[in-house]
Each structure stands twice: as structure tokens, then as C-alpha cells.
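Chemist: In my numbering, the protein residues as written are 400 to 845. Below are the C-alpha cells for one structure; questions will follow.
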Amino acid sequence: MSSDDEVKQATRVRPSPSVQSLMDLARRSVPDLRRNAETIEPVAPGRRLGGALVERARRTLEWTRLPGLRPREARPPERMAKRLFRSYCLFALVPTAVVGLYVFVIASPQYIVESQFAVRGNVEPMASAELGLHTDLILKHNSQDSFILRDYIGSRPMVEAVDAKLGLAKMFSEGGIDFWARYDADQPVEKLVRYWRRHVIPQIDAISGVIHLKVRAFKPEDAVAISQEVIARSETLVNGISRRAQEDMITNAKKEVEQTAERLKQARVALQEFRNRWGIIDPIKSAEAAVTTIELLRKDKIKAENDLRVLRDSKLDEKSRGIQVLVATVGALDGQIKDLQSRLTTDGIVSNSEHNLTQALLEYESLMVEQTVAEKLNASMQLILDRARIAAAKQQIYLATFVPPLLPTYSEYPAPFYALFAALFCFTVLWSSVSLVTAAVNDNRL
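Shown next as C-alpha cells:
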């Protein structure tokens, strides 16, 4: 054997054990099959039906159809087309026909009423108050009110309120309504809330905050009545929110006024106690009087010292009466000046003087600052309270309905042609997906 043959023999791919066993079985079965084929007698013409059955069974159980030995015979295209058409009719056209029968014949007409409204509010110019720390009492319009209103429309309290007045369960469960859209009146209120949310749909414009309300009912009058009741209940809720906000604003303003009034009262009491304790009405004026007195005493002292110097320059005896009087006068004036100065300076505080004007001035100025601040706070709170009362007399938040509900003239649902086309499209897509998956599975089995 040449080297090329050896290389080919060495590089030949060997089958797996399972495939090798099937190939061995086929080799052993070939002689037996040939021998049996030589001894088979032909089928008589009158027995063709039985022969056809045998032929079909032989083809079904043919050993050559084992995996990996021989590919399966392809089906005729006509047969595949008929099978696909039958499956399409069964899984797409028939369900679409059922949907068409419902929307054209059985479905009850449904009428839609649309309305638009928004939550608006007045902004009071309270920022001009002297105290800017309480401007948070201003009521400002916020889009949060619209979201609160939207959630309230779909809530159970709204459903129960409208049901108590209009009878929603009876309205949606009348005998003329088709079985698919009819509401079962015996169901609990939670089911009614779910049914309500499918027929009453509020939507919010995120930019403008406008609420679009869409109500769907089986009678035009019922749709209008439901829409009007929803708007009325929404307005009641908005007025309640406004009223509570106004009450809170007035309550907070009153509390602030009471606190500032109490603070002013305590400041005035402390000032009165100070005057009683020190015996001074106004320490500032007393200090000014003391300074004026010191200046006068200094002038008298300077005059007495000048007179004393003149007498001494005249060689008058020190024991003379004139010199002794002037010396006593200068000493007395100097003592008075020092006493007044000690009352006006911090030296008197160190010496624990009970009549030190410096300490009195410090305490008095502190009390006067507290009284001034309390008076201004009280005046500011009184102003805010007055404005809060004026604002409470107005409707700060209100519901503005600019597209009222009107009686519809024709039913927009169930929109039979649109429903029929949508059903056909959906069933066709579903049938196509299932057919593709089935074909892929069959191809993998070959």
C-alpha cells in the first residue's frame, strides 16, 4: 500500500459506536431481505386493497428510514399547501369569524363621553410681609393636585359614592347588554371597582396638568350622568382640600400670633421688673444726666483749683480759712466725680456697686432689644393673620371645567371593522408562529 493510501486510511473518520451498531445490523439483514424478496409471491389483482395496506405498512416500517441512513421522502407541494390552508382556516379564519359574529351581531353599542378640566389656584401676594420666614403659608398651584384627583376618580370611595346615587351595578348589568360586556350585579364591590376602571379612564397632560376624562357606558344618558357626577365629586374633593388648607393656614397664623404675643408680654414684664429693681425708668437718660453732672463738677473743680493756686501764689498761710475751704471743696468735687465715674464704668461692677449704670445699661439694652424684636414679630404675625383670613374668604383652589360632558350621537365601540381586522391580524400572526415552530421541529427530527 502506498504512503498516500496509508495517510487516507489513518485520517478516515470513524463512526460513533451507535452508528456503527446500526450499520452492522443493516449488513446482517441484507441477505435475509434478499432471500425473502425472492420467495414473495405476487398479489392477485382482486386483492389490491390488502396489497395497498401492506405497501403502506412496508413504507411506514421501512428499515431504511432509520436515522442517518436515508432521508425521508419529501411530501408533495400540493399536499403541504392543502394542509396549511386547512390549518389556517381552522386557527385563523374560524376564530376571526367568531369575533366578527360577536362584534357585528351580539355586541352591545357603547357610547363615550369626554370632558376636560383642571385644578387651578390663586396665589396671594403674601411675600411682601415684613417677616419672610412664614411665606410658606402661600397656597400655590401644584400638579400634585391633579394626580391626587386622578387617583381619587379611580378609587373605591368614588365608585361607592357614584353607585349610591346613580346605581352603577344596575346600570351596567341591564338585560339588553351582551354577555361579554355585562357586569354581574352579584359580584363584590372590588369587582365593580375593576369594572369601573375599565369604563372610566382619567388621563393627565404632564405639561399643562389638564385631566382628560373618558366615560364609556351602554346608553348616552348614562355616560353623561356618570361624567357629571364624577366632575361634581371631584369638585367637592378639591373644595375640601382648599378648605383644609385655609383652616391650616389660619390655625398656624393664630399660633404664631399667640407665641409672639406671649413673648412680647414676657419682655414687657422683664422690663418692668428691671425698673422696679434698679429704681430707674430709663438708664440711658440717667447715664446722660450723670455725664452732664460730671462735666459740671469738673468745671467747678477746675475753678476751685484755680482759686486755690491763686491764694497759694499770694503766699497765704496754708492754715488760713480760704485755703482750707478751697482744699475741702476740691476734695469733695473730686470724690463726687470719682463716684459718678465708677457708676458709669466697669470698675463699679468689680466693686459690686448696686447702683452701677453700666450694668444697668447692659441689662436694659438687652431687655429693650427683646421687646423691640417681640413687637416686630407680633406686628408681622398680625399682618399674616389678617391676610390669611382674607385669603380664606376666597376660593384658593377650584376645579375649572372647560370641556363639559355632552350627549353623544353615535356609539364608538365596539368598532366592528377595526376589531375584525385586529382579530384577523392577531390570529394570523399566532398561526404563522405556531406553523414555523412546528416546521422547525419536524426538520430537526429528519
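In this text, a Cβ means the ideal position worked out from N, Cα and C, and glycines have one as well. Nothing here was measured: the structure is a model prediction, and the numbers come from that model.
Can you tell me the Cβ-Cβ gap for residue 666 and residue 773, rounded? I've got them flagged as a contact below 8 Å.
Modeler: 5 Å
Chemist: Which residue wins for smallest C-alpha separation from residue 796, given the options 505, 732, 643 and 574?
Modeler: 643
Chemist: What's the call for residue 625, buried or exposed, on a 16-neighbour Cβ count within 10 Å?
Modeler: buried
Chemist: Is residue 502 near residue 804, with beta carbons less than 8 Å apart?
Modeler: no
Chemist: Does residue 713 pass the burial test, meaning 16 or more other C-beta atoms within 10 Å, or should it be called exposed?
Modeler: exposed
Chemist: Buried or exposed for residue 671, going by 16 or more other Cβ atoms inside 10 Å?
Modeler: Exposed, by the Cβ-count rule.
Chemist: Would the beta-carbon of residue 612 fall within 8 Å of that of residue 514?
Modeler: yes
Chemist: Quick one: which unbroken alpha helix (DSSP H) runs of 4-plus residues sit fully inside the region 543-598? Chain order, please.
Modeler: 543-552, 555-565, 567-570 and 588-598
Chemist: Could you spell out the range, first to last residue, of the alpha helix (DSSP H) harbouring residue 654?
Modeler: 619-677
Chemist: Are there 16 or more other CB atoms within 10 angstroms of the CB of residue 727, so buried, or fewer, so exposed?
Modeler: exposed
Chemist: For the pair the region 495-510 and the region 808-827, tell me if three or more CB-CB distances fall below 8 Å.
Modeler: The region 495-510 is in contact with the region 808-827.
Chemist: Work out the CA separation of residue 717 and residue 710 for me, nearest whole Å.
Modeler: 9 Å
Chemist: If I'm right that residue 494 touches residue 826 with Cβ under 8 Å, what's the distance once you round it to whole angstroms?
Modeler: That pair is a contact at about 5 Å.
Chemist: What do you get for residue 829, buried or exposed, if any count of 16 or more other CB atoms within 10 angstroms of its CB means buried?
Modeler: Per the 10 Å Cβ criterion, exposed.
Chemist: Decide if residue 469 is buried, meaning its Cβ has at least 16 other Cβ atoms within 10 Å, or exposed.
Modeler: Reliability of the predicted coordinates at residue 469 is poor, the pLDDT of 48 falling under 50, and no value is obtained from them.
Chemist: Should residue 622 and residue 615 be called a contact, given that it needs their Cβ atoms to be closer than 8 Å?
Modeler: yes
Chemist: Let me check understanding here. Comparing Cα to Cα, which of 703, 601 and 680 lies closest to residue 629?
Modeler: 601
Chemist: So, residue 627 versus residue 791, is the Cβ gap smaller than 8 Å?
Modeler: no
Chemist: Quick one: is residue 701 buried, meaning 16 or more other Cβ sit within 10 Å of its Cβ, or exposed?
Modeler: exposed
Chemist: Using a Cβ-Cβ cutoff of less than 7 Å, which residues in the same chain neighbour residue 499 once the five nearest sequence positions on both sides are dropped?
Modeler: 819
Chemist: Cutting at 7 Å between CB atoms, please list the residues of its own chain near residue 693, excluding the five before and the five after it.
Modeler: 736, 739 and 740
Chemist: Residue 562 and residue 572: beta carbons closer than 8 Å?
Modeler: Annotated as distal: residue 562 and residue 572, with beta-carbon spacing of 8 Å or more.
Chemist: Is DSSP giving residue 520 helix, strand or coil here?
Modeler: It is a strand residue.
Chemist: With distances taken from CA atoms, which of 654, 594 and 761 is nearest residue 780?
Modeler: Nearest neighbour of residue 780 by Cα position, chosen from 654, 594 and 761, turns out to be 654.
Chemist: Using the DSSP secondary-structure output, state which residues sit across from residue 602 in a beta bridge.
Modeler: 611
Chemist: Please name the residue, chosen from 559, 777, 683 and 695, that lies closest to residue 760 on a Cα-to-Cα basis.
Modeler: 683
Chemist: Can you tell me whether residue 800 is helix, strand or coil according to DSSP?
Modeler: strand
Chemist: Could you name the residues of the same chain whose beta carbon sits closer than 8 Å to that of residue 532, not counting the 5 residues immediately before and after it, in chain order?
Modeler: Confidence at residue 532 is low in this model, with a pLDDT of 41, below 50, so the placement of that residue should be treated as unreliable; the coordinate-derived value is given next. Cβ neighbours of residue 532 beyond the five flanking positions: none.
Chemist: Excluding the 5 residues flanking residue 681 on each side, which residues of the same chain have their C-beta closer than 6 Å to its C-beta?
Modeler: none
Chemist: If you draw a straight line from the alpha carbon of residue 719 to that of residue 734, how long is it in whole angstroms?
Modeler: Within the model, the alpha-carbon separation for residue 719 versus residue 734 is close to 23 Å.
Chemist: Is it buried or exposed for residue 578, if we count other Cβ within 10 angstroms and need 16 for buried?
Modeler: The residue is exposed, with fewer than 16 neighbouring Cβ atoms inside 10 Å.
Chemist: With 16 as the cutoff for other CB atoms within 10 Å, does residue 808 come out buried or exposed?
Modeler: exposed
Chemist: If you follow the alpha helix (DSSP H) that residue 758 is in, where does it begin and where does it stop?
Modeler: 756-791
Chemist: Specify, as a first and last residue, the run of the alpha helix (DSSP H) that residue 710 falls within.
Modeler: 682-712
Chemist: Tell whether a beta-carbon distance below 8 Å holds between residue 732 and residue 722.
Modeler: no
Chemist: Alpha helix (DSSP H) containing residue 497: first to last residue?
Modeler: 493-500
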